[in-house]
Each structure stands twice: as structure tokens, then as C-alpha cells.
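S.K.: One structure, as C-alpha cells, below. Some questions next.
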Amino acid sequence: MHPVAQPLDVNQDRQWATLAHLGGVVGVIPSYVIHRVFKDRGPFTAQESREAANYTMLPSIIVLGGILLSLIPVVGGVFSVVAAVTWVLLAVTSVRAGIKVNRGEPHQYRANTHLYDRFTGHRG
Numbered sequence: 132m133h134p135v136a137q138p139l140d141v142n143q144d145r146q147w148a149t150l151a152h153l154g155g156v157v158g159v160i161p162s163y164v165i166h167r168v169f170k171d172r173g174p175f176t177a178q179e180s181r182e183a184a185n186y187t188m189l190p191s192i193i194v195l196g197g198i199l200l201s202l203i204p205v206v207g208g209v210f211s212v213v214a215a216v217t218w219v220l221l222a223v224t225s226v227r228a229g230i231k232v233n234r235g236e237p238h239q240y241r242a243n244t245h246l247y248d249r250f251t252g253h254r255g
């Protein structure tokens, strides 16, 4: 038998929401895991980890693709630059969002493609 997970208190809710955004520095995996584990335990964490997962999915795919394509001789350098620039933008926007969310303010990314919602079938 599994113990029932307790709801997050306000500070924990803000902490996990912040970590979901800051995790964007390394890609979509941290926000995805935080959303799956904590979405039913804290409303702010549910909202912000979903926002972070939605935003970080496309840049994560671009960075991974750029790294793989950088192995192609002659044109690989171009893909290396694309991957690096994409990662820098992802890191900067994730840290900015994390700082805002840590103050208790919700954050919405301007260029959010909502890919996570599309893959999971979430509406709303």
C-alpha cells in the first residue's frame, strides 16, 4: 500500500514551481518530472511546471537536434551555433521565469508552443 502524498504548503508549492522553471536550463526533463510528481499536490506547482514543460520542450528538441546534426562534416558548425544560441536563450528565459515565480508571481512565456499539452492531450 502506498502512502497518500500530502499537499504542499505555500512555501513548498512556490519552491517546486521555481525549480520547474530553473530546471529549464538543462531542458524539459526537470519540469516534466516535477509536473508529473507534484501536479496534484500544489496548484502553483501544477500551473508553473506545466507552463515550463510546455515552453522548454521545443527548445530542448532543437538543442538535441542541433547537437546531433553538428556531427555532419562541413555544415556541422552551423548546427552547433544553432544549438548553442537556442540553449543560451532557453537558459536566460528559464532563469528569469524562475526568479519571477520565486516571488510568487505566475509566469507565462511569450513564445510558448504548448507542445507538452499537445503530447499529453491536455486541454485548457
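Oh and the sequence shown: position 112 is 243 in this note's numbering, straight run, nothing missing. Built from N, CA and C at the ideal position, the CB exists for glycine as well.
1) Quick test of your reading: residue 177 and residue 228, contact by CB under 8 Å. State the CB separation rounded to the nearest angstrom.
2) State the start and end residues of the unbroken alpha helix (DSSP H) segment that holds residue 246.
3) Going by Cα to Cα distance, which pick from 237, 211, 210, 193 is closest to residue 221?
4) Please state if the CB of residue 240 and the CB of residue 188 are separated by a distance shorter than 8 Å.
5) Kindly indicate which three-state DSSP category residue 181 falls into: helix, strand or coil?
6) Does DSSP put residue 159 in a helix, a strand or coil?
7) How far does the alpha helix (DSSP H) with residue 226 in it extend, from its first residue to its last?
8) Tell me whether the stretch 168-177 and the stretch 138-157 touch, counting them as touching only if at least three CB pairs, one residue from each stretch, are closer than 8 Å.
9) Do residue 197 and residue 213 have their beta-carbon atoms positioned less than 8 Å apart in this structure?
10) Near residue 243, what residues of its chain come up, given a Cβ to Cβ distance below 8 Å and the 5 sequence neighbours on each side ignored?
M.R.: Short version:
1) For the purposes of this step, residue 177 is taken as residue 46 along the sequence shown, with counting starting at 1. For the purposes of this step, residue 228 is taken as residue 97 along the sequence shown, with counting starting at 1. In fact, because the Cβ distance is near 16 Å, the residues do not count as touching under 8 Å.
2) Numbered from 1 along the sequence shown, position 115 holds the residue referred to as residue 246. That run of the alpha helix (DSSP H) goes 246-251.
3) For this step, residue 221 is matched to residue 90 along the sequence shown. Of the candidates 237, 211, 210, 193, the one whose C-alpha sits nearest the C-alpha of residue 221 is 193.
4) Numbered from its first residue, the sequence shown carries residue 188 at position 57. Numbered from its first residue, the sequence shown carries residue 240 at position 109. No, the pair does not count as a contact, with Cβ atoms beyond the cut-off.
5) For the purposes of this step, residue 181 is taken as the residue at position 50 of the sequence shown. Three-state result, residue 181: helix.
6) The residue you call residue 159 lines up with position 28 of the sequence shown. Residue 159: coil per DSSP, three-state reduction.
7) Numbered from 1 along the sequence shown, position 95 holds the residue referred to as residue 226. Looking at the DSSP string, the run of the alpha helix (DSSP H) that includes residue 226 is 207-233.
8) yes
9) Indexing the sequence shown from 1 puts residue 213 at position 82. Indexing the sequence shown from 1 puts residue 197 at position 66. Yes. Within cutoff.
10) Taking the first residue of the sequence shown as position 1, residue 243 is located at position 112. Answer for residue 243: 182, 185, 186, listed in chain order.
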